[in-house]
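Numbering (this note's numbering), first residue to last: 62 to 406.
Dropping the structure here:
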């Protein structure tokens, strides 16, 4: 999608030749002001009035509080959205160049204007099932906040990150990571995101493993009837209970059998150990830019787990106006799959 490159997450332009040239001189800033060019620089200070002071090579840059983000003036976006940008890149338009009392020039900038352009020219055109790039900005117990373009935030709920249940989004992502997300729908003026549908079906993941192999895994939960061990973000198997096993440990497991019609993988634990490891890069099975439906379960399975992205199937509202404050999280189910679960016909 060509629009994605125009409204990429913040940080994408920082260090690029075009951006470096434009912010490097007063003439470059004035030309950007005339053309409306999107620029980026790093915020160094958020002062007591929550104005952002931006690092420019040629002069001081100032983003007034009212220009710091969509919704700040209206009260729908909290000031933490400004404070949290310190030492991070922001995008902006050049509004004007003014002079201080001693004659020193400084640039007055607007991040809000770029976010408006992103909303009207990109986000408002998205449809359920669209796949878009995003950058992880914050990890909370209930989900992963991402920048979907020009600093516009959205949330992936924890149960939409992967089929395999995790205790915290940090189990899957790290701040600053570039990922892909899917538009699930729209609700109360907010864009709803999901992620697990990009990580493959049960069959696609199970095809990466064979009975008789000993492979790496992560203990995700210990139940009365066995130990669930994640083999991939969208695939887990069950092993017999062992007294020395707890959630979060790494494991080596022997694959005893793979049973597609029951979606079962039987495992035997070889070893478990503690290890503080950075989450590996996410592997995406789906490389397209739109998906109408995702069926997780194999055709021969007795139940059907699927996600449908058309507004007719989901009952979602079409995109209209958007609000960009952080969403209040809905109650989180302890059950990992958030896809539609129905009996196959």
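Cβ atoms here follow ideal geometry from the backbone N, Cα and C, with glycine treated the same way.
| query | result |
| --- | --- |
| For residue 122: DSSP bridge partner residues | 115 and 168 |
| Cβ-Cβ separation, residue 252 to residue 215 (assumed contact under 8 Å), whole Å | 5 Å |
| Residue 78 (DSSP reduced to helix, strand or coil) | helix |
| DSSP-derived helix/strand/coil call for residue 257 | helix |
| Cutoff 6 Å; reference residue 265; Cβ partners in own chain excluding five residues on either side | 346 |
| Residue 89 - containing alpha helix (DSSP H), residue span | 87 to 96 |
| Whole alpha helix (DSSP H) elements within the stretch 262 to 343, 4-residue minimum | 263 to 267 |
| Alpha carbon of residue 310 to alpha carbon of residue 338, nearest angstrom | 10 Å |
| Residue 206 vs residue 219 beta-carbon contact at 7 Å | no |
| Extent of the continuous alpha helix (DSSP H) run through residue 144 | 141 to 144 |
| Given 8 Å, three or more beta-carbon pairs between the stretch 362 to 370 and the stretch 320 to 335 | yes |
| Contact the stretch 269 to 286 vs the stretch 296 to 306: 3+ CB pairs below 8 Å | yes |
| Among 198, 274 and 230, nearest to residue 72 - alpha-carbon criterion | 198 |
| Paired residues, beta bridge with residue 356 - DSSP | 367 |
| Residue 273 versus residue 257 - alpha carbon distance | 28 Å |
| Validate contact between the stretch 122 to 138 and the stretch 188 to 195 using beta carbons, cut 8 Å, 3 pairs | no |
| Where residue 199 sits in the DSSP three-state scheme | strand |
| First through last residue of the beta strand (DSSP E) which encompasses residue 205 | 204 to 208 |
| Residue 161 (DSSP reduced to helix, strand or coil) | coil |
| Touch test, the stretch 152 to 168 against the stretch 80 to 98, Cβ-Cβ under 8 Å, three pairs minimum | yes |
| Under the three-state DSSP convention, the category residue 214 falls into | strand |
| Residues sharing a beta bridge with residue 246, DSSP | 253 |
| Strand pairing of residue 240, partner residues [DSSP] | 195 |
| Residues near residue 166 in its chain [Cβ-Cβ closer than 6 Å; skip 5 each side] | 120, 158 and 160 |
| Residue 69, buried or exposed, once every other Cβ within 10 Å from all chains shown has been counted against 16 | buried |
| Collapsed DSSP secondary structure at residue 83 in the structure displayed | helix |
| Simplified DSSP assignment, three categories, for residue 388 | For residue 388, the predicted structure reports a pLDDT of 38, less than 50, and the residue's modelled location is therefore unreliable. The matter cannot be settled from this model. |
| Nearest-angstrom Cβ-Cβ length linking residue 209 and residue 221, presumed shorter than 8 Å | Not quite, the Cβ-Cβ distance comes to about 14 Å (not below 8 Å), so this is no contact. |
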